[in-house]
């Protein structure tokens with residue numbers, strides 16, 4: 018069957034690209050069946066897309082299938098563009114405040130910023146040590162690759178693939194880190210959840226009996242009808258692609274600007290195509306703001322965005338990105354990188370677990386366990402993993418944990434600037450890596466002080482009671 022499919026796809030180059038997508042979708046579908054039929058995998062909350070990626074990896078042991086999949090750039094392109102499209106889709110949503118507070122959202126922003134930059138600084142520190150011990154060997158460890166811990170764990174396959182390729186000439190190192198991150202999010206997250214359950218420290222907010230679905234779950238107020246001259250899905254896709262097209266224009270212009278700037282100052286800084294997710298999200302925000310302004314002045318009469326459809330599109334991009342990212346791994350390219358992979362992933366898991374737990378106990382009184390699960394899943398896998406873990410203990414999103422995650426997306430982009438701005442510079446030399454490590458460590462300390470400000474500056478906050486959430 019596999020050989021027949023490959024022979025058919027090679028008949029025409031047009032079908033070759035389509036067949037790559039067919040392989041991805043079928044792999045995700047088979048992963049979903051396996052997840053449903055195997056209790057251990059289902060209970061571990063391992064995403065179907067991750068299982069699908071492993072299915073393709075196993076099929077790559079068939080030489081003809083391997084040459085077909087790796088002979089095309091489709092898998093890498095899907096991984097790259099899906100992260101940008103998923104961020105843009107999330108930014109298009111009309112998000113209500115819910116039960117979140119400004120303090121909770123800002124704390125969650127600095128928590129995620131602290132973990133991002135903390136993972137990056139930790140990774141650089143460890144790889145600088147590995148470089149010192151291996152620099153005279155036949156296969157020295159490049160210290161700049163430590164930054165990929167943050168990109169793979171906290172940002173997923175997209176950026177990990179890009180900077181792994183920039184630093185090492187192969188994307189597989191970053192994709193392996195990201196894949197392990199997804200496994201950590203599921204296995205460690207669900208294991209800790211079960212430990213809390215057994216100790217009686219976790220309140221499971223059960224779903225009420227009966228069907229919870231309402232019309233408002235699928236359609237907001239004053240939205241355009243599902244089918245008119247143009248289908249509602251077509252409108253959502255159009256708004257998303259307009260946002261992404263604007264992002265391409267921004268990246269194209271910035272690439273020219275940064276290339277000239279780098280040649281003048283002698284430091285490689287390019288904040289453009291490697292950050293398609295950032296510019297995609299910002300341009301989508303701009304499109305949403307424009308639509309809201311046009312509604313305010315009565316040029317636009319109806320609501321054009323539909324959160325339910327946008328969520329489904331974002332979920333599709335997430336599934337394709339994870340599956341394609343795992344499928345793009347080439348094990349022969351990471352044979353000499355087993356040591357840094359093991360060191361980074363073990364240290365990254367330990368740091369992320371204990372740092373998030375400490376911050377959640379300090380900043381999210383009354384729902385610290387829900388906040389931990391949501392953030393741990395997000396910062397080792399992606400937002401989808403965090404929401405899956407949260408849904409296990411808070412299925413109706415009673416606590417502010419879900420609102421905090423959704424509302425922090427825009428401020429998070431600015432909290433992450435110290436990391437994003439230095440990624441290219443980090444790879445320019447060993448000295449640049451050391452300087453980057455120092456800067457990121459300082460930023461991490463600053464963010465941590467902000468998060469633990471009430472404990473550090475007790476006298477200042479003694480007359481200001483802390484927010485403690487209680488279920489109404």
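Residue numbers (our numbering): 18 to 489.
Positions of the beta carbon are idealized from the N, C-alpha and C atoms, including for glycine.
Please read all numbers here as calculations on a predicted model, not as lab measurements.
- With respect to the 8 Å criterion, residue 166 and residue 180 are not classified as neighbours on the basis of their beta carbons.
- Distances from the CA of residue 201 to each of 90, 46, 435 and 365 were compared; the closest alpha carbon is that of 365.
- Taking 8 Å as the cut-off, the Cβ atoms of residue 341 and residue 187 do not count as close.
- With respect to the C-alpha of residue 432, the residue from 265, 465 and 403 having the closest C-alpha is 465.
- Below 8 Å, enough C-beta pairs join the region 203–214 and the region 378–396 to call them touching: three or more.
- With fewer than 16 other CB atoms across the displayed protein chains lying within 10 angstroms of its CB, residue 75 is exposed.
- Around the C-beta of residue 258, fewer than 16 other C-beta atoms lie within 10 Å, and the residue is accordingly described as exposed.
- Cβ-Cβ distances below 8 Å link residue 437 to 288, 292 and 295 in the same chain, with the five nearest sequence neighbours on each side left out; the list follows chain order.
- Residue state for residue 320 is assigned as strand, using DSSP reduced to three classes.
- In chain order, 240, 241, 242, 243, 323 and 326 place their CB closer than 8 Å to the CB of residue 249, counting only its own chain and leaving out the 5 sequence neighbours on each side.
- Check the Cα spacing between residue 345 and each of 164, 337 and 92: the tightest is with 92.
- In the displayed model, residue 488 falls within coil according to three-state DSSP, outside both helix and strand.
- DSSP places residue 441 in the helix class (H, G or I) of the three-state scheme.
- Less than 8 Å separates the beta-carbon of residue 178 from that of residue 192.
- Inter-segment contact for the region 348–362 and the region 403–420 is absent: fewer than three beta-carbon pairs are separated by less than 8 Å.
- Under the criterion of beta carbons closer than 8 Å, residue 72 and residue 48 qualify as touching, at roughly 6 Å.
- In the three-state DSSP reduction, residue 411 falls in the coil class, being neither helix nor strand.
- Judged by DSSP in its simplified three-state form, residue 480 adopts coil rather than helix or strand.
- Burial check for residue 299: the Cβ neighbour count within 10 Å reaches 16 or more, so the residue is buried.
- Boundaries for residue 79: no alpha helix (DSSP H) harbours it, and the DSSP string shows neither H nor E there.
- Cα atoms of residue 79 and residue 66: separation of roughly 21 Å, rounded to the nearest angstrom.
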